[in-house]
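Student: The structure under discussion is supplied below as structure tokens; questions concerning it will follow.
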């Protein structure tokens, strides 16, 4: 009888050890939080129109991470006109806000 009790106690203690090893530490941060932060996206090239801001008094185009107004020098030309979906340059080039989508606003 004593042997059975010892065997039963030993088997329960082994099962408890196995289960305890598989538990995760609740105070440990998740694996995704421990990863190093990724570098920021690179600034777009100088010819990519990223955004256009239009108000009653002012029109600003964000091109290559910098803001430009009408009359500013850009890519060897001058900004002639800023509309809500495109920027026209004095040399006839047109920068479109959504070139891949073909969206007309």
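Residue numbers (the numbering used here): 72 to 176.
Beta carbons: idealized from backbone N, C-alpha and C, even for Gly.
Rank 162, 77 and 76 by C-alpha distance to the C-alpha of residue 144 and give the top, closest one.
Tutor: Residue 162 is the option with its Cα nearest to residue 144.
Student: Going by the CB atoms, is the gap between residue 123 and residue 152 shorter than 8 Å?
Tutor: Going by C-beta atoms, residue 152 is not nearer than 8 Å to residue 123.
Student: Based on DSSP bridge pairs, tell me the residues matched to residue 159.
Tutor: DSSP, once it has assigned bridges, lists 152 and 165 as partnering residue 159.
Student: Can you give the Cα-Cα distance for residue 149 and residue 129, rounded to whole angstroms?
Tutor: Their backbone Cα atoms lie some 17 Å apart in a straight line.
Student: Given this structure, state the Cα-to-Cα distance separating residue 94 from residue 101, to the nearest angstrom.
Tutor: Between residue 94 and residue 101, the C-alpha separation is close to 14 Å.
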